[in-house]
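Worksheet: the structure to be examined is printed underneath.
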Amino acid sequence: MKRILIVAAMMLTVVCTFPLRAQVLEDTPPLDNFYVKENTADREPRPYVHVREADVYIKWRVWRMVDFRMKMNQYLYYPIEPVQDRISLMSLIMKGLQDGTIVAYDPLTDDFRKQLTYEEFISQNTRITELQKEDLDNPGQFITTSDTSSFQIHNVKMLRIKEDWFIDKQRSLRDIRVLGLAPVIQVFDDETGQFKGNQTLFWLYYPSVRDLFAKTESFNRHNSAMRQSYDDVFAWNRWFQSYITKIDNQQDRAISAYAQGKNIMREAERIEEMLFDIEHDLWEF
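Be aware that the sequence shown starts at 285, since it is given in my numbering, and climbs by one per residue.
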């Protein structure tokens, strides 16, 4: 018994000599990488080459559709929720709209005249539906309930692009300048599920969003150390697959206004080939 008391006294002395310390939480999480990424945050958009009006030999205004469901374009759609250092194109756009970094414009026209605030966009894309449900406590009686459906980022699976295609005779090359981007969703009938058409959510004036796009990396499935910015994707490398939906014409009609079914894609391919032939034939000797 005496030995037990002596051991207990010694343990109490040790505890009093080395008091317990409260756990201190770190203010910042640990680095989730083996090096610090410094270039991306300070990246600036690569400036365009100045073009004089007198040097524009040929010009066409072209509208394209980028479908995120195409294999080459899926990196623009995923991840649906931001994860680690990755963010999808639409998540980036909505984040920029919410914090005021970029400005949206009315979807009805693509001339960037009427601005659309983030609050207005959310209000326009929030729908409240009244439903009649039977009261379980009182069979035969019905109560009115409301179902609220709001905008969901994962529903955006297409992107409309407005751009100018031109021949610069000073530099002897074909160049393309993106003017606008517009997220597009597909609309279906609530009761039948039948496809009703595509809906443009809003337009973005591309030159004004280049700063944000240049500071954000897009995913590279071949090499994560060589990721390009979203500005590189659209302004320079054009690393996406698309099809033409409209080109300058005197009636200002989209292809779908005068072609149906498979003829829409055939007409889009014909226009694409026409643009290629203009460039090819111009410099052929």
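Using N, Cα and C, we set each Cβ at its ideal position, and we do this for glycine too.
Range covered by the alpha helix (DSSP H) that runs through residue i
i: Ser492; result: 490-498
i: Met549; result: 546-566
Simplified DSSP assignment, three categories, for residue i
i: Lys480; result: strand
i: Phe503; result: coil
i: Val298; result: Here Val298 scores only 48 on pLDDT, less than 50, and its place in the model should not be relied on; the value that follows carries that caveat. Correct three-state label for Val298: helix.
i: Ile377; result: helix
i: Lys355; result: helix
i: Gln586; result: Residue 586 falls outside the range modelled here, since the chain spans only 285 to 569, and no answer is possible.
i: Ile371; result: coil
i: Ser430; result: Low confidence applies here, because Ser430 scores a pLDDT of 49, under 50, leaving its location unreliable; read the following figure in that light. Looking at Ser430 - three-state DSSP - the assignment turns out to be strand.
i: Ile437; result: helix
i: Trp344; result: strand
i: Tyr514; result: helix
i: Leu360; result: helix
i: Asp448; result: strand
i: Trp487; result: strand
i: Leu304; result: Low per-residue confidence applies at Leu304: pLDDT is 48, beneath 50, and the placement is therefore not dependable, though the value from the model is reported in the following sentence. It is coil, neither helix nor strand.
Candidates the options: closest to residue i by CA position
i: His564; options: Thr476, Leu457, Met510, Ser540; result: Leu457
i: Leu373; options: Leu360, Asn409, Asp339; result: Leu360
i: Val333; options: Ala498, Arg461, Arg505; result: Arg461
i: Phe435; options: Thr410, Asp516, Trp449, Asn422; result: Thr410
i: Val367; options: Pro391, Arg348, Asp316; result: Asp316
i: Arg336; options: Ile451, Phe479, Asn422; result: Ile451
i: Asp383; options: Tyr402, Pro423, Pro391; result: Tyr402
i: Glu501; options: Tyr489, Asn323, Gln483, Lys480; result: Asn323
i: Tyr490; options: Asp339, Ile371, Phe396; result: Phe396
i: Val340; options: Asn521, Trp449, Asn504; result: Trp449
i: Met510; options: Gly481, Gln544, Lys321; result: Lys321
i: Tyr362; options: Arg505, Phe560, Ser540; result: Arg505
i: Asp326; options: Lys499, Lys546, Ser526, Gln525; result: Lys499
i: Met408; options: Ser508, Tyr319, Leu392; result: Checking the sequence, you will find Gln at residue 408 rather than Met. For the residues Ser508, Tyr319, Leu392, the minimum Cα distance to Gln408 belongs to Leu392.
i: Ser571; options: Asp311, Phe352, Ala338; result: Lying outside 285 to 569, the shown extent of the chain, residue 571 is not represented and no answer is given.
i: Lys453; options: Ala338, Asn533, Phe318; result: Ala338
i: Met354; options: Arg330, Trp523, Glu328, Glu557; result: Trp523
i: Val517; options: Leu465, Phe318, Arg455, Glu404; result: Leu465
i: Asp459; options: Pro329, Phe318, Leu559; result: Leu559
i: Thr484; options: Gly477, Val471, Thr476; result: Val471
i: Glu404; options: Asp421, Pro423, Leu381; result: Leu381
Delimiting residues of the beta strand (DSSP E) encompassing residue i
i: Gly464; result: 457-472
i: Thr385; result: Per DSSP, Thr385 belongs to no beta strand (DSSP E) and is neither H nor E.
i: Ile531; result: 526-531
Beta-carbon proximity check, residue i vs residue j, cutoff 8 Å
i: Asn439; j: Ile469; result: yes
i: Ile342; j: Ile562; result: yes
i: Met349; j: Met442; result: yes
i: Arg370; j: Phe497; result: no
i: Asp394; j: Lys446; result: yes
i: Leu248; j: Ile386; result: Only positions 285 to 569 of the chain appear in this structure, which leaves residue 248 out of reach.
i: Ser375; j: Ile437; result: yes
i: Leu566; j: Phe486; result: no
i: Gln512; j: Asn521; result: yes
i: Ile548; j: Ser540; result: yes
i: Ile377; j: Pro467; result: yes
Rounded distance between the beta-carbons of residue j and residue i, thought under 8 Å
i: Lys379; j: Tyr389; result: Contact doesn't hold; Cβ gap of about 18 Å is too wide.
i: Arg494; j: Ala519; result: 7 Å
i: Trp347; j: Arg444; result: 7 Å
Heavy atom of the ligand ADP within 7 Å of residue i beta-carbon
i: Met510; result: With respect to the ligand ADP, the structure offers nothing, as it holds no ligand at all.
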